[in-house]
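Per this note's numbering, numbering through the sequence shown is continuous, rising by one, with the last residue being 563. Working notes for the structure below.
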Amino acid sequence: MTLMTELYPIENESIRSFLIRLAVANDYELSNRIFREFQDTKAINMTSTEDSLVTFACQLTNTCTVESFAPVQQSTHEGGKQLGHNAITQRTPQVCPDCMIQQSHTDAHWQLYPITHCHKHHKGLISHCPCCGEALRWDEDLLNFGCSHCDTPWHEIAAIMPQGKVPNFIEHFHGLSGDKRADYLEDLLTAAMRALRPYDSVHHGIKQLPHLNLDWEKLCSQGYALLTDKSFIEQWCQSLIDQRQTYAVISSGAVFYPLKTMQETLKLQWLVHAFNPTLANTSPTNNLLMCHDITPCNARNKAVSSLNQVEANQQLIHHIDQNAFAHLLGGDVTLARALFKVPSISSVTPVGRGRYSFIDIRDFIEQTKAQCVAKSYETVKLEQVSDLLDVYMLSPEEIVVEIYQYKLPIFIDRAAEKLLDAIMISEDVLMNHLETVHLQSSSVISLTRASSILKLPRHRVKRLGAIGLLKEVTVKPFTHDYTGASVAAFLTNYICIEQWASQHHLSEQKVINTLQVKGVLAAMSPFIYLRTPVLENILHEQTNYAWQIQEQLELFLEAA
């Protein structure tokens, strides 16, 4: 079946307007009849999605394409396709009465949620008749007459509509070329998400934003101010300190995380990009921005439904998922997932599951504060103990998880932007932890790893296993593996001089020479000594410059 009359879409015409005109031109009394007679397997109507209606129109006639009804020109970026206009398009009529007096179609961009005013007539768009209060309907009267409920024509409706100032965000939209408008709308919605909840760490559900009962003019005006208004942005930065001051224990960037993530997400250049607030250059204020008590994420809303308004607001601020946690800490998501499982900080809220779960980050922050008891002069950065970590075949991320799991004392460098750079720990504390708790909690230590930890050749490690000093376990055939507890017990009872000297950055040969002079004999070769008070006194009391590695000489010998 084919249509007797085909029409071409008018420039910037909405898809629903075109379908009404097409139905009327082919003598269909109601546009819904055209759906019933021409649809095949998919049931659609005027309230279906933009994509469904456009696909239907393109199948029905050869006079239009998908691009014919796009309210903005789409483009593709390196990061992927933009937020489609389908997600932010209203399915009910939104019109300017003054424009409807002069034309017999509705504009495509009127259907976009952020477009609240007509920039030509300086009036707000309407979705309900101001005379009878009924919602406007997609029908022939809408295009050619006025309200089909009370039979009020457009010129009478236009006469009672007040004129006012068009919001700046609307003027900005119409001042852009077609290829910039899609980027602009996405940036405006990104900022609107922050305007909705300016102090939250996560801003998920941008596509769900239209489902909230919001004042779009007010929300978009606040979002636009976050992009362009110097005083408004400054107030946001200052109030972030007031609302998120507890995040300072992690880093300065964590305090301003909502701002920084918005800056990274925006596609166009805005005034807000010029702001780089820190705790040092920004003074706090309790003059807060307006904050809604709901988010576009249903799961998060449900999680706080039983709380009072104050506590619900605080928990929403501190909700964080694995990806945001990784971003906040400046690490990868593997570290975030591991920290999520640490019992003392994994108080998962009843929100989502698996990688979509959230935690209340306040537990992590409070534990970080509790552990931050070490003195800065007693600690070193994790990068400075990389040799020690290499011996145990541990990555910095893995040792950070253990630091939190076993609540080791640390110092936090608040000037650092990443958690891995911020954590400082005593080398002695770390060595003691690795030699005891870490090994005892490791069920299996491979031969290669045992050789690295003890600084002994593989055949000597096998010998220790053969004589019972290390407890061998069978994991795979033809391999040698040992229990972590037996390796820890061995280090409790014996000192391997090469290992001890390496950990203390001393010359192994100089230590051995001193022990020989003092008559201390090795219990086993090569240079494995029984741990006795006499030996420990010699090692710890006589550590002096004479035992230091002569770095310049070593470099000279390496060069030679």
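We treat Cβ as the ideally placed atom computed from N, Cα and C, and that holds for glycine. Note that the coordinates shown come from a computational prediction; the quantities given were computed from them, not determined experimentally.
When secondary structure is reduced to three states using DSSP, residue 71 falls in the helix class. In the DSSP assignment, residue 253 falls outside any beta strand (DSSP E), carrying neither H nor E. From the listed residues 385, 392, 375, 346, the smallest Cα separation to residue 412 is found for 375. As the crow flies, the alpha-carbon of residue 111 is around 16 Å from that of residue 139.
Secondary structure of residue 497 (DSSP, three-state): strand.
Excluding the 5 residues flanking it on each side, residue 542 has same chain C-beta neighbours closer than 8 Å at 498, 503, 514, in chain order. Residue burial is scored here from C-beta neighbours: residue 18 has at least 16 other C-beta atoms within 10 angstroms and is therefore classed as buried. No Cβ-Cβ contact shorter than 9 Å links residue 430 with residue 397. If you draw a straight line from the Cα of residue 172 to the Cα of residue 191, it is about 8 Å long. Within 10 angstroms of the beta-carbon of residue 329 lie 16 or more other beta-carbons, which makes it buried.
In the structure shown, residue 319 adopts helical secondary structure according to DSSP, grouped into three states.
Assigned with DSSP and collapsed to three states, residue 156 falls in strand. If you ignore the 5 residues before and after residue 36, its C-beta comes within less than 8 Å of the C-beta of 26, all in its own chain and listed in chain order.
Our two residues, residue 517 and residue 509, have alpha carbons roughly 12 Å apart in a direct line. Apart from sequence neighbours up to five positions away, the residues of its chain that approach residue 455 with a beta-carbon distance below 7 Å are 394, 396, ordered along the chain. Exposure of residue 68 is indicated by the presence of fewer than 16 other C-beta atoms within 10 angstroms of its C-beta.
Here residue 7 is exposed, its C-beta having fewer than 16 other C-beta atoms within 10 Å. At a Cβ-Cβ threshold of 9 Å, residue 230 and residue 273 count as neighbours.
About 6 Å separates the CB atoms of residue 336 and residue 325; that is less than 8 Å, so the two are in contact. Sequence-distant partners of residue 63 (beyond 5 residues in either direction) whose C-beta falls short of 7 Å from its own C-beta, in its chain, are 6, 41.
Counting along the chain, residue 366 sits inside the alpha helix (DSSP H) bounded by residues 365-374. Comparing alpha-carbon positions, the option among 193, 346, 406, 181 lying closest to residue 371 turns out to be 406. At the C-beta level, residue 71 and residue 21 come within 9 Å of one another. For residue 47, there is no enclosing beta strand (DSSP E), as DSSP gives it neither H nor E. Residue nearest to residue 449 within the set 436, 439, 464 is 464 (criterion: CA-CA distance).
Following the DSSP letters along the chain, one finds residue 427 in no alpha helix (DSSP H) but inside the beta strand (DSSP E) bounded by residues 426-428. About 6 Å separates the CB atoms of residue 438 and residue 491; that is less than 8 Å, so the two are in contact. Shown here for residue 100: same chain residues with a beta carbon closer than 7 Å to its own, the five before and five after excluded, namely 129, 157, 160, 161, 164 in chain order. When rounded, the separation of the alpha-carbon atoms in residue 435 and residue 469 is 27 Å. Contact between the segment 253-267 and the segment 207-219 is absent: fewer than 3 CB-CB pairs across the two stretches fall below 8 Å. A check of alpha carbon separations from residue 447 across 383, 484, 268, 344 identifies 484 as the nearest. Listed in chain order, the non-local C-beta contacts of residue 28 below 6 Å within the same chain comprise 8, 10, local neighbours out to five positions each way being set aside.
Boundaries of the beta strand (DSSP E) around residue 531: 531-533. Inclusion of residue 289 and residue 245 in the CB contact set at 9 Å is warranted, their separation being smaller than that value. Considering only 293, 224, 363, 220, the residue with the shortest C-alpha distance to residue 242 is 293.
Taking residue 461 as reference, the option from 197, 12, 529 with the minimal CA-CA separation is 529.
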